[in-house]
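Here's the structure we're looking at; comments come further down.
Protein chains: 2
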Amino acid sequence: MTELIKVGLLGLGTVGGGTVNVLQRNSAEISRRTGQSIQVVAAAVREINADRICDTNLFELTDDPVSIVDNPEIDVVIESMGGTELAFDLVMRAIANGKHIITANKALIAVRGNEIVKAAVEANVMLAFEAAVAGGISVVKVLREGLAGNQIKSIVGIINGTGNYILTAMGDEQRDFAGVLAEAQALGYAEADPSFDVDGVDAAHKLTILASLSFGMPLHFERVYTEGIGEITLTDIQMADEFGYRIKHLGIARHTETGVELRVHPTLVPKTHLLANVNGVMNAVYIDADAAGSTLLYGAGAGAEPTASSIVADLIDVARHKQSGLINVPILGFQNDQIDDLQVIAQSEFASAYFLRMEATDQPGVLAEISSIFAGLDVSIEAITQKEPPAGVNTAAISLITQFTDEAKVLKAIGKLESLSQVSGAVKLIRIEHF
Amino acid sequence: MTELIKVGLLGLGTVGGGTVNVLQRNSAEISRRTGQSIQVVAAAVREINADRICDTNLFELTDDPVSIVDNPEIDVVIESMGGTELAFDLVMRAIANGKHIITANKALIAVRGNEIVKAAVEANVMLAFEAAVAGGISVVKVLREGLAGNQIKSIVGIINGTGNYILTAMGDEQRDFAGVLAEAQALGYAEADPSFDVDGVDAAHKLTILASLSFGMPLHFERVYTEGIGEITLTDIQMADEFGYRIKHLGIARHTETGVELRVHPTLVPKTHLLANVNGVMNAVYIDADAAGSTLLYGAGAGAEPTASSIVADLIDVARHKQSGLINVPILGFQNDQIDDLQVIAQSEFASAYFLRMEATDQPGVLAEISSIFAGLDVSIEAITQKEPPAGVNTAAISLITQFTDEAKVLKAIGKLESLSQVSGAVKLIRIEHF
Numbered sequence: 012m013t014e015l016i017k018v019g020l021l022g023l024g025t026v027g028g029g030t031v032n033v034l035q036r037n038s039a040e041i042s043r044r045t046g047q048s049i050q051v052v053a054a055a056v057r058e059i060n061a062d063r064i065c066d067t068n069l070f071e072l073t074d075d076p077v078s079i080v081d082n083p084e085i086d087v088v089i090e091s092m093g094g095t096e097l098a099f100d101l102v103m104r105a106i107a108n109g110k111h112i113i114t115a116n117k118a119l120i121a122v123r124g125n126e127i128v129k130a131a132v133e134a135n136v137m138l139a140f141e142a143a144v145a146g147g148i149s150v151v152k153v154l155r156e157g158l159a160g161n162q163i164k165s166i167v168g169i170i171n172g173t174g175n176y177i178l179t180a181m182g183d184e185q186r187d188f189a190g191v192l193a194e195a196q197a198l199g200y201a202e203a204d205p206s207f208d209v210d211g212v213d214a215a216h217k218l219t220i221l222a223s224l225s226f227g228m229p230l231h232f233e234r235v236y237t238e239g240i241g242e243i244t245l246t247d248i249q250m251a252d253e254f255g256y257r258i259k260h261l262g263i264a265r266h267t268e269t270g271v272e273l274r275v276h277p278t279l280v281p282k283t284h285l286l287a288n289v290n291g292v293m294n295a296v297y298i299d300a301d302a303a304g305s306t307l308l309y310g311a312g313a314g315a316e317p318t319a320s321s322i323v324a325d326l327i328d329v330a331r332h333k334q335s336g337l338i339n340v341p342i343l344g345f346q347n348d349q350i351d352d353l354q355v356i357a358q359s360e361f362a363s364a365y366f367l368r369m370e371a372t373d374q375p376g377v378l379a380e381i382s383s384i385f386a387g388l389d390v391s392i393e394a395i396t397q398k399e400p401p402a403g404v405n406t407a408a409i410s411l412i413t414q415f416t417d418e419a420k421v422l423k424a425i426g427k428l429e430s431l432s433q434v435s436g437a438v439k440l441i442r443i444e445h446f
Numbered sequence: 012m013t014e015l016i017k018v019g020l021l022g023l024g025t026v027g028g029g030t031v032n033v034l035q036r037n038s039a040e041i042s043r044r045t046g047q048s049i050q051v052v053a054a055a056v057r058e059i060n061a062d063r064i065c066d067t068n069l070f071e072l073t074d075d076p077v078s079i080v081d082n083p084e085i086d087v088v089i090e091s092m093g094g095t096e097l098a099f100d101l102v103m104r105a106i107a108n109g110k111h112i113i114t115a116n117k118a119l120i121a122v123r124g125n126e127i128v129k130a131a132v133e134a135n136v137m138l139a140f141e142a143a144v145a146g147g148i149s150v151v152k153v154l155r156e157g158l159a160g161n162q163i164k165s166i167v168g169i170i171n172g173t174g175n176y177i178l179t180a181m182g183d184e185q186r187d188f189a190g191v192l193a194e195a196q197a198l199g200y201a202e203a204d205p206s207f208d209v210d211g212v213d214a215a216h217k218l219t220i221l222a223s224l225s226f227g228m229p230l231h232f233e234r235v236y237t238e239g240i241g242e243i244t245l246t247d248i249q250m251a252d253e254f255g256y257r258i259k260h261l262g263i264a265r266h267t268e269t270g271v272e273l274r275v276h277p278t279l280v281p282k283t284h285l286l287a288n289v290n291g292v293m294n295a296v297y298i299d300a301d302a303a304g305s306t307l308l309y310g311a312g313a314g315a316e317p318t319a320s321s322i323v324a325d326l327i328d329v330a331r332h333k334q335s336g337l338i339n340v341p342i343l344g345f346q347n348d349q350i351d352d353l354q355v356i357a358q359s360e361f362a363s364a365y366f367l368r369m370e371a372t373d374q375p376g377v378l379a380e381i382s383s384i385f386a387g388l389d390v391s392i393e394a395i396t397q398k399e400p401p402a403g404v405n406t407a408a409i410s411l412i413t414q415f416t417d418e419a420k421v422l423k424a425i426g427k428l429e430s431l432s433q434v435s436g437a438v439k440l441i442r443i444e445h446f
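First to last, the sequence lines map onto chains A and B. Just add 11 to the spot in the first sequence (first one is 1) and you have our numbering. Just add 11 to the spot in the second sequence (first one is 1) and you have our numbering.
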């Protein structure tokens, strides 16, 4: 009665190696849960003789990934090699060969997911990617199944551990961006080329997937408005703190009356909100749903073991469903003919509250001049502060927060502010989220 | 191709009525997700003409619950009537009639679940109870599926909203227990007879279910060590605050080398921990798993809509799986022949850190005497404070926290303390959790 599920791996680095470790260590528990055995039969790697984090004695190593996706013995292919070119070709070929696919590759799903989903539906195979978003957190399952009776209103996440580590350390240790980034690279929390994390691309990949699962829309990575954290200074963090906020790099997907907002940017979050207290490399996703209300899922967003936890959960789903031959849960959580290409809202249509910061000549009347610009655009200022300049400096730092308003108005105000003779340099804009 | 799932309700109060409302409001979304329609065909109620929170025009109302469980047209029975006697008989009869069962009744599952699970397995029907634990939070699904590749080490939850509301308000508003309880009753957050919530019985029901799902053990409500919050005073909360802790009513299930701890009691939680910041009626469950690491699930623990969210999720699971005729996920998350009757650890074998508080004569040498009792039992004191008594009072309040140690030693120390002539009255013990 015990069935055997045979697995082939594409890639045996952190994610693939972690998966082998969890499968081996917890094989008894997995059999107790599924009544089945899951066995890795082969893994494709770039260098056969490289050092590994896992034991490779129990399966075949090959440097030919095509041999994995063509192997008739293999039921499930785990793609953990990364990238969107070779990985795409291999996944498509595996699907054509009738294999179920599990991947941790957020870029692949975000950028080429629509094609892959279509192929998987046509081939009647499962395509699972719990590990692609927020590591060990079961957010894909909660959106596709746990909240399936809800209309999802918004999903707001800290979904890039590296960025959250940097912002947390800047605030806790009162250090600047460059110093913390260098330290994060030394500790292995940030890549040598940190741009995917720091520029928000990784978070935008994950947000693309979350939005699709929340609202039943196609994957539209190219439509995500994305700002990184590279411009956030210690002064921003200090001024936000004085207003009662912490700065977090958020991914935000929100269903509004006019469409869907998809945006990734640094954001002021009230200090008392749970998301403001998600620190270091941890991830969290905050979901607002019409029946369940507000829920939060928190956990490790990356790392060999948490990512493997999600891959193995997907494997167990495949094992549990394989016997029936029916795919019960649609790939994007909605029936494939019910995916709706919702309007994605342009930046010019965003609405939010805003934090603005600028340097201005320390002379009488400057605050009045600034205030009148906002009043003329019908934007209410919630609070404004002016810091006395240090001795010998003749510009003062002025920070303000607005009430909820149209971004277009705030951008117009910034144009006017920057043309004032008293304001020097650019005006910094950071959005504020209230939940 | 659209299939119709026909539902019968036992009870149409907060939970049943909320379920009808969510099914009606979100019927389009549910069809988009499942490709099927879910229709309530009949509901059994005590009083046909009572006021309802939902529209009852689209289905039959009856005062004969047996007619629901015997109705050959009905696929799924939702038990939302409460209690463990009539509800048990009706659920067993529905199972015998081949109906799938969804229930929000934690008492029923915790107290009679082993019999019901056995019957459901034999009849090959689904038995789902996401709504029985932590309202709209998908913790049952996360334990049975999302973390299925893990060995669960512990699960610690704030799983009774009423108790959390009372403790939160006592701390925030510096009020005493009786006053806050009376207010909670007036606001509808606490029942007229609050004993299920205040005494910890409701939390113990939920902990029973969580432990079974986490460790693959039978439901053993009768073995849960349970303390309520009725003895917690404002002074306890204030002293805990000075040591850096908040007091939360926790359910704790922990797999140790010698067995499983199952306990519900007031607990000191470090202020910086996320669980210490779960306030008011909100619930949260903190899970420590070997691969995923620490994860937290947070959300509304009760109320018509959050509870309905979980019931409808279970309905969608039934709808999605019904076509295959195969039950993919076992009821308790482990194969039915793999449920293991783990040893439940007795209070005498508990180990923890402890907060103790006592009144002692304000005379020299009393701290030395107290300290020597702990030293003689090899228990390390982490911190100790003595409050000067107000004028005219000659006993001082002494509070201390111990390091992690055996509860048996601490109970022995309390016996010795209470026999000291300088100590008046009982010594208060509250356990401390570090995560």
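Built from N, CA and C at the ideal position, the CB exists for glycine as well.
- At a beta-carbon threshold of 7 Å, the residues of chain B lying near R331 of chain A are N339, V340, ordered along the chain.
- According to DSSP, N294 of chain B shares a beta bridge with B:G310.
- In terms of beta-carbon proximity, N135 of chain B stays away from the interface with chain A, with every pair separated by 8 Å or more.
- For F366 of chain A, the three-state secondary structure derived from DSSP is strand.
- Not flagged as an interface residue toward chain B: V18 of chain A, since no C-beta distance is shorter than 8 Å.
- Under the three-state reduction of DSSP, G387 of chain A is assigned to helix.
- Think of a sphere of 7 Å around the beta carbon of G255 of chain B: no beta carbon from chain A falls inside it, the nearest being about 16 Å out.
- Among the residues facing chain A, T306 of chain B is included, as its CB has a counterpart in that chain under 8 Å away.
- Leaving aside the five residues that flank E429 of chain A on each side, the residues in its chain whose CB is nearer than 7 Å to its CB run, in chain order, A437, V438.
- Counted as a single uninterrupted DSSP element, the alpha helix (DSSP H) harbouring K333 of chain A occupies residues 315 to 333.
- At a C-beta separation below 8 Å, I327 of chain A has these neighbours in chain B: E156, A159, G160.
- A:G28 is the residue among A:V87, A:G28, A:Q47, A:L97 whose C-alpha sits nearest the C-alpha of N68 of chain A.
- Out of B:G387, B:N116, B:E393, B:A407, the CA that lies nearest to the CA of P375 of chain B is found in B:A407.
- Annotated three-state conformation of Y200 of chain A is coil, per DSSP.
- P281 of chain A and F446 of chain A have their C-alpha atoms spaced approximately 9 Å apart.
- Between the alpha carbons of A264 of chain B and E272 of chain B lies a distance of about 5 Å.
- For the options A:G22, A:I112, A:S91, A:E40, the alpha carbon positioned closest to that of K333 of chain A is the one of A:I112.
- Looking at A:V80, A:E84, A:G93, the one whose alpha-carbon comes closest to that of R104 of chain A is A:V80.
- Under the DSSP assignment, P277 of chain A falls outside any alpha helix (DSSP H), being part of the beta strand (DSSP E) whose first and last residues are 271 to 281.
- Secondary structure note for Q50 of chain A: its beta strand (DSSP E) is the uninterrupted segment 47 to 55.
- No Cβ of chain B is located within less than 8 Å of the beta carbon of E380 of chain A.
- For a Cβ distance threshold of 7 Å, residue set G160 of chain A lies close to I41 of chain B, ordered along the chain.
- Contact between V18 of chain B and Q47 of chain B does not hold, since their C-beta atoms are separated by about 12 Å, which reaches or exceeds 8 Å.
- If you check the CB distance, E238 of chain B and P277 of chain B come in under 8 Å.
- Contact of S430 of chain A with chain B by beta-carbon distance below 9 Å is absent, the smallest such distance being about 44 Å.
- Less than 8 Å divides the Cβ of D74 of chain B from the Cβ of V56 of chain B.
- Of all residues in the stretch 112 to 130 of chain B, none places a beta-carbon less than 8 Å from a beta-carbon of chain A.
- The beta carbons of G174 of chain B and I248 of chain B sit no closer together than 8 Å.
- The distance from the Cβ of A302 of chain A to that of N161 of chain A is about 5 Å, consistent with a contact at the 8 Å cut-off.
- Scanning chain A for C-beta atoms nearer than 9 Å to the C-beta of F70 of chain B yields nothing, as the closest lies near 18 Å away.
- Relative to the Cα of L34 of chain B, the nearest Cα in the group B:Q346, B:I258, B:E316, B:G255 belongs to B:E316.
- Residue environment: Q185 of chain A is assigned as exposed (fewer than 16 neighbouring CB atoms within 10 Å of its CB, all protein chains considered).
- Going by C-alpha positions, S225 of chain A is about 47 Å away from T372 of chain A.
- H216 of chain A carries a helical assignment under DSSP once its states are collapsed to helix, strand and coil.
- Annotated as proximal: Y309 of chain A and T306 of chain B, with beta-carbon spacing under 8 Å.
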